[in-house]
Structure formats: C-alpha cells, structure tokens
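Residues in the sequence shown are numbered consecutively from 2, following the numbering used here. Glycine included, every Cβ here is placed at the ideal spot set by N, Cα and C. Below is one structure, written out as structure tokens, with a few remarks after it.
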Amino acid sequence: MAELVTMPKLGFDMAEGKLVRWVKAEGDTVAKGDVIAEIETDKATVEVESSLDGVMYRHLAAEEADLPVNAPIAVITLAGEEPTEDEVDALVEKAGGKPSKKAAKPETADKDEDSSAKEMKPEEPKEPGETPAGGVRSSPLARKMAEEHAIPLAAVSGSGPQGRVVKKDIEAYLSAKGEGQSAGETGGTLQSASSFSLGEVPEDEVVDLTRLRQAISRRMQDSNQNFPQFYLTRSYRTGAMMKLRKEVNALLPETDKLSVNDFVVKAVALALRQYPNLNASLLDEKHVVRHGHVNVGVAVAVEGGLLTVVSKDADQKPIRLIAREIREMVGRARAGKVRPEDIEGSTFSISNLGMYGIESFSAIINPPEAGILAVSAVQDVPMVVDGELTIGSQMKATISADHRVTDGAEAAEFMQVLAGYLEEPMRLML
C-alpha cells in the first residue's frame, strides 16, 4: 500500500520548513529508518526517515521549496506496487494537499526567450572606480600606483572581480620587476603616513538572515520584551571540581573525557529537583507547569546561530553518560544532522562561554522556560582561604529568571544549593 510522507512538525512553534535536499531519488529502494530527505526548520537541518520498507515512488515537492507543516512531500510504495495517478492524488487530497502528477519544477524559459532576453539585456554598468581607458578594469588606488611607476595597466593581470586590477596586482608586478623596495630601503625619504594603506576597503554587503537566525531573533525579542527577567551572579570555588575532573579524566579514553560543562549540567539538574519553580513554564496568567522531568538544554554555537541540545532526565544520569550524549548531539548539530529529539523538550537551559575566557555575562531566557544559567570561565584568582591570601580556582555564573514564576530569594537559594554541588563535586558522582 502506498504511503504519503508529509512535512514533519519538529517543535511546538514550527509552522513551515524548507525541503533542502532529496537523499532518495525516485525509484530508489528505501528501508525503514533510511534518511530520505533533509528538512531545514527554524532550529536546524534535520533528516526525515522512512517509516516503512519500499520504493521512493514519487517526489511531490521540489528541493528548496518552503512548505507548511503536514504538506505532502513524497509517496513511498511497497516493492513492485504501482499505484494509479488517481490513487496518488487521493492520498495527497486526503492530507489536505493539491493533486500533482509530479513535483513542481522551477520554471525555465524557452531557448528562444533566453536568447532574446540576452539580446535585450542592457549593458552592465561599470563598477565604481573603474576606468574605461584601454578597456582595463582597475581600482583608483591601482591606477594611482600604476601612474607613479609608469606601468601600463594592460600589462598587469587583474585578480579582482571580472579581472579588475587591484593594489596587490600592482605590487606583484613591481615585485616581479624588482621595483618593490620602499623608499627607506633605497635610501630615499620615508613613505608618508597619508599614503599608507592596508588594502582596499570591502564593499558593504547585504546578506539574508538564515531561518535559524530569524527564529532566534523572534524568540529573543519576545523574551526580552515580554518576560520580566532578573539576574543574580555568584562566584563558585572550583578547585575541588577541577582536581576531581583531572583524576577522572586520567582514567578515561580521550573520546570520553569530561568537560567542566558536564559537571555543571549534572549539578544544575540536581539543584532544579529541589526548586521546581525554576524547572517550570508559565502556562497562562493563572497557571504554571512544573515539569516532572529535568531536561537541561545546552546552548551550542553552530553556523548561522545557536541551537539548544537537550540532556533528558539529567538528574538521573551519571556524568559520564551526560557527557557522551551531549558530545554526540553537539557533533550532529554542528554537522547539520541534528535529530528532532536532540533539540526538543528542554525545561531549563545553560549557556556556557567559559571556553572564550568570558568572566561574566547574562543570558536571555529561552521561552517558555523560567530560567537560564550563564556560565563563565574557570580562572585562577586571588582569594582568602582560612584567613590566608592564596590563589584559587573560581568560576562565576549568572541566573536569568522569570519574575512571573519565581523571585530573587528562591533563585538565590538555588544558586546556593548549586554551590554545594560544584564545590563538593563528589556529591555529583554518587
């Protein structure tokens, strides 16, 4: 029996997605679990898997098409099955789509129209700063240098756009001719500061925001404008944690070593279990959802923005398992192969910029969560221990919390409990 594949809904706020690429062509054999297409959503590029064994009978959408959730994108049939066009159309109509014999293809003009358009196409205007002299494209700086050194521009090979001669081409020509010494090297006066140049200033560039960046923009603007957020910062002594991490990592293979963030995820999860108002979401003006599961989201930098991968039930898992799962999800996210379950379901988030040496920062809450923890770098700093001035390991963290759900005193208690886990890290291993 033929089965219809539709645009999946990958998140509560997803309305549409882009069909980036067909992995299985029409006529290809498909096994259950095979990736058949790649879909780009507001959050990531995810893979669509087949739910049955069979054959990719027909594509109902073209690559690069933007489609609403549940829109028909393909038909998969059992091996040897040949549905009629009417049967395919009936499947499409049942899913709310329009009958289509074939995937929509980008419109192309006839050859005669193409040639006619080329004949009517106006001559492209010259780039700013180009000279028509001798038909040689060149930048103003390149022309000035050519005049100073009596260089015919036609003799210089241009490396700029459309063969444009730029400063580095003149310099290369002079170097080849042995005329590249500076005035200081030839005994002349020093080059004046006004003639010094670091190269051509690039043109302004307008780029499209990625679908991910647009989603981040909408969500962060909504959070910043509509969530009454407050911030609390605390310093944590991390000497014991860093010592324990070093001892544990000495026993683990390179691929399984623990990061500071792995300890933080576990500590946050255990602390959240004691403070359900922070492991919560505001449902409406009168109700708050206190989540039973503690699912800690970890912000990950990817091309074009940020993704949050989710460590599910982190309060119930050993650190080594948390570390392995996060490492695998981060790898998939950065490779553009993230799975829907990797990025859905977080109840509280962590943003860690410690690897960049950041000393302190505040993060914006990821809706609809009630809080996010901004984690900074572990640093050696002067501190007083038992009345003595010494150098110790320290890390700062800032919680951003939704004042509609919690308050400063409760968030401060959470940060204090978190200190107990981070400063006595053996409690995380039990």
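Go ahead and pull the three-state DSSP assignment for residue i.
i	result
Thr234	strand
Tyr276	coil
Ile359	coil
Val269	helix
Gly421	helix
Arg340	coil
Arg22	strand
Leu253	coil
Ala104	At Ala104 the pLDDT is 44, less than 50, meaning the model places this residue with poor confidence and gives no usable figure here.
Glu139	The amino acid occupying residue 139 in the given sequence is Ser; Glu does not appear at that position. Three-state DSSP puts Ser139 in a strand.
Gly55	strand
Glu39	strand
Ala156	helix
Asn227	helix
Ala110	Residue confidence for Ala110 is low, a pLDDT of 43 falling below 50, so the modelled location carries little weight; the figure read from the coordinates is stated next. Coil at Ala110, not helix or strand.
Leu213	helix
Asp170	helix
Ala66	strand
Asn353	strand
Leu438	Summary: the structure shown does not reach residue 438, with the chain confined to residues 2 through 431, and so no result is reported for it.
Glu248	helix
Glu94	helix
Glu414	helix
Identify, in the order they occur along the chain, each residue of the same chain with its Cβ nearer than 7 Å to the Cβ of residue i, setting aside the five sequence neighbours on each side.
i	result
Pro383	Leu390 and Ile392
Phe231	Ala402, His404 and Gly409
Arg325	Asp257
Glu41	Gly18, Lys19, Val21 and Arg212
Spatial neighbours of residue i within its chain, please: C-beta separation below 8 Å, excluding the five flanking residues on both sides.
i	result
Pro229	Asp403, His404 and Arg405
Val167	Ser139, Ser140, Leu142, Ala143, Gly159, Ser160, Gly161 and Glu201
Met416	Leu233, Arg235, Ala398 and Ile400
Give me the Cα-Cα distance between residue i and residue j, rounded to the nearest whole angstrom.
i	j	result
Val269	Tyr422	9 Å
Leu419	Gln222	29 Å
Glu424	Asn353	18 Å
Ala143	Asp209	32 Å
Leu245	Pro426	7 Å
Tyr357	Ile351	15 Å
Glu65	Arg333	22 Å
Thr85	Met8	23 Å
Val301	Val290	26 Å
Tyr237	Met243	12 Å
Leu253	Lys247	10 Å
Pro369	Leu271	21 Å
Leu79	Val303	38 Å
Glu414	Pro277	12 Å
Pro73	Glu39	15 Å
Ala412	Ser282	15 Å
Glu108	Val6	A caution first: Glu108 carries a pLDDT of 46, below 50, which makes its placement in the model unreliable, though a value can still be read off. When rounded, the distance between both Cα atoms is 24 Å.
Am I right that residue i and residue j are in contact with their C-beta atoms under 8 Å? What's the rounded C-beta distance?
i	j	result
Val297	Phe349	6 Å
Glu17	Val70	6 Å
Gly346	Lys313	7 Å
Asp316	Val295	4 Å
Asp29	Ser51	At roughly 10 Å, the Cβ-Cβ gap does not stay under 8 Å, so Asp29 and Ser51 are not in contact.
Val47	Arg428	Contact doesn't hold; Cβ gap of about 37 Å is too wide.
Gly355	Val379	6 Å
Which same chain residues end up closer than 6 Å to residue i when comparing Cβ atoms and leaving out the 5 residues on each side of it in sequence?
i	result
Ile217	Gly306
Thr399	Tyr232, Thr234, Ser363 and Ala375
Lys25	Val31, Ile37 and Met57
Val266	Val297, Ser312, Ala315 and Ile323
His292	Asn280 and Thr348
| task | Jot down the residue ranges of each uninterrupted alpha helix (DSSP H) in the stretch 282 to 335, minimum 4 residues, whole runs only, in chain order. | result | Along the length of the stretch 282 to 335, whole alpha helix (DSSP H) runs at least 4 residues long occupy 320 to 335, reported in chain order.
| Secondary structure, beta strand (DSSP E): runs of 3+ residues fully inside the stretch 355 to 411 | DSSP runs (the beta strand (DSSP E)) wholly in the stretch 355 to 411: 372 to 386 and 389 to 403.
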